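Have a look at the structure below, then the notes.
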Amino acid sequence: MKKDVLSHPGVWSVCLRYTLIHPCRVLALGQLTQMNMLQKLVGFSFLGLTLAVMGCSEAAFPKAGTPELRAELFDTIIARTQRREAFSPVKNERLDFDPIQEMGRLRDVVVSADTEQDLYYALARLSHARRDRHLDLYLVAGGLELPDSAGLDVLDGESIEPAQAPVRIFPDYSDENAGYFVGDRAIDPRWPELPAIGDQILTVNGMPVDAWHDSATAFMRYSTSIALRWKLAEAMTLSTAAFPGYLRTKELTLVTRSSSGTESTYSLPFRDPSDLSWAGTGDPNYPSLVLELSTPTFDLFVPEDGRRFVVLLWRGFRDTMVPDVDALIEFAESRGLLDHTLVMDVTRSRGGSLGAYAMQRLQPRPFKTTFGNLRISDVTEPFIEDKQTDFAARNINDGGVPETIDDGSWLISWLEDEFSARLAEGNRIAQMCHSSWPMHQRILTEYFSLLQSTFAGP
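FYI, in numbering that gives the first Met the number 0 the residues of the sequence shown are 0 to 457.
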């Protein structure tokens, strides 16, 4: 195997060239996944997604390659994941699994995938075996082609929104098993017969719901079991190519059970989501509470009768989070709410950055934060160069969202001083770095206001 020069971390597609058997048989392999800043300071996730054939005709050499090349591909993915990924020991312990072992069990699946479609879904399974919500998969021009790509991300292109059935499903978290129920339904005379709100899901497209849950999980990216069930409930009513053909049908067929025990079967069509109007029963609803403050980050609800609690409907850690949280604290102080019990509804929340800033203000206990687990690898120095370029352009963002509490000065200072010094000492082999390198006290006092100084850097 001959390896090209590694792609710069800011570039998403990476090429590995294989010269096995015949020099014109070349495979291109991508993609490089950048993670949340708290994880990606040095931690990168690299995973193969697309295969493109260069130098030979498809008749002589199909895009899916040969078993030998797919075996090489699999081994490369495993090796690079081991070398570059900083797995969370706490998460893995709670999920009771080992990512590399889970990925290793799929070797035969990848090697035997002799069509483009089979290979795509084999690589998707391999990717999601890591149980990492931050991992992204993209279809790439010139790579594997699928008969339908609805719901899949496309690099440098537009994704196709999948069609939607006229019901929405939610997970039943009171059920330790794969419990799902009807949470909302479309208002439309075209479908007078729909399951009732609250009806329990028994089967999905002819599969018992437990079996459907287990089969569909292999093609979902997630980091927690709670988030997995929420995303599976969403995907159940979508005609999405995230699932292979054996999990998809032209219509969604559900068998449900009502509260009275009556079982019913429904065959529901898939429609353009813009063509559907909803009853709204699945939206957050807090009777006897009044909306007192609304920002792009959250809605604040307060009881009408003066009970001593508030509800914060949280939308995500996005670009206005810091001023929005400051506005919340100022409002709460002016209204005498700081000692009230806080209930946060994050069921509609997206991710983002600067979560520590919010946590230090939304609860009274000392809050310790670290940069997580950082792995030093062959992409570390290119990543630092990438951040230096971003800093010079005053653009240290992730998807347009700021990731540092200042303009990035403290991050660059740490990368160029403490961290680079460690690299210069010879720490260039893959290793786990926990909370062993303390941040400067000036950074702690300048940017963080805590009840107790327990902040620790990498």
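Beta carbons: idealized from backbone N, C-alpha and C, even for Gly. Source: prediction; values computed, not measured.
Burial state of residue i, where buried means 16 or more other Cβ atoms lie within 10 Å
i    : result
V139 : buried
Y245 : exposed
Y221 : buried
T346 : exposed
V153 : exposed
L414 : buried
P473 : No statement about residue 473 is possible, as the shown extent of the chain runs from 0 to 457 and does not include it.
M102 : buried
P165 : buried
C23  : Annotation note: pLDDT 25 at C23 (below 50); position unreliable, coordinate value reported separately. Exposed, since its Cβ has fewer than 16 Cβ neighbours within 10 Å.
E332 : exposed
P170 : buried
Q100 : exposed
P243 : buried
F454 : The pLDDT assigned to F454 is 28, lower than 50, so where the model puts this residue is not dependable; a value taken from the coordinates is nonetheless given after this. Under this definition F454 is a buried residue.
Sub-8 angstroms separation of residue i and residue j beta-carbons
i    : j    : result
L311 : F297 : yes
R349 : G305 : no
A70  : V110 : yes
L136 : S126 : yes
R167 : T236 : yes
Y119 : L143 : yes
R360 : I404 : no
D325 : T294 : no
F308 : T340 : yes
V378 : R83  : yes
R129 : D198 : no
M320 : L292 : no
T239 : G156 : no
L410 : K386 : yes
Check: residue i C-beta below 7 angstroms from any heavy atom of the ligand HEM
i    : result
H133 : The ligand HEM is not part of the structure shown, which contains no ligands of any sort.
Where the alpha helix (DSSP H) containing residue i begins and where it ends
i    : result
W413 : S408 to W413
P381 : T379 to A391
S419 : S419 to A423
H127 : E115 to H127
M320 : M320 to S333
L361 : G354 to L361
D107 : R106 to V110
CB-CB length for residue i against residue j, believed under 8 angstroms
i    : j    : result
A162 : F269 : 4 angstroms
E262 : L201 : 7 angstroms
T252 : G205 : 7 angstroms
F458 : A241 : Residue coverage of the chain in this structure runs from 0 to 457, which leaves residue 458 outside it and unanswerable.
R374 : A85  : 4 angstroms
D187 : S276 : 7 angstroms
Where the beta strand (DSSP E) containing residue i begins and where it ends
i    : result
M343 : T340 to D344
D298 : F297 to P302
S287 : It is not in any beta strand (DSSP E) - S287 carries neither H nor E in the DSSP assignment.
L311 : F308 to W313
Proximity test, Cβ basis, 8 angstroms: residue i and chain B
i    : result
S173 : The structure shown has no chain B; it contains just one protein chain.
**Request:** Ignoring anything shorter than 3 residues or poking outside the segment 227-264, list the beta strand (DSSP E) runs there in chain order.
**Result:** 251-256
**Message:** Report the start-end ranges of each alpha helix (DSSP H) in the segment 177-217 that is 4 residues or longer and not cut off at the edges.
**Reply:** 208-216
**Residue ranges of each alpha helix (DSSP H) within the segment 59-99, 4 or longer** = 66-83 and 88-94
**Request:** Quick one: which unbroken beta strand (DSSP E) runs of 3-plus residues sit fully inside the segment 142-180? Chain order, please.
**Result:** 166-170
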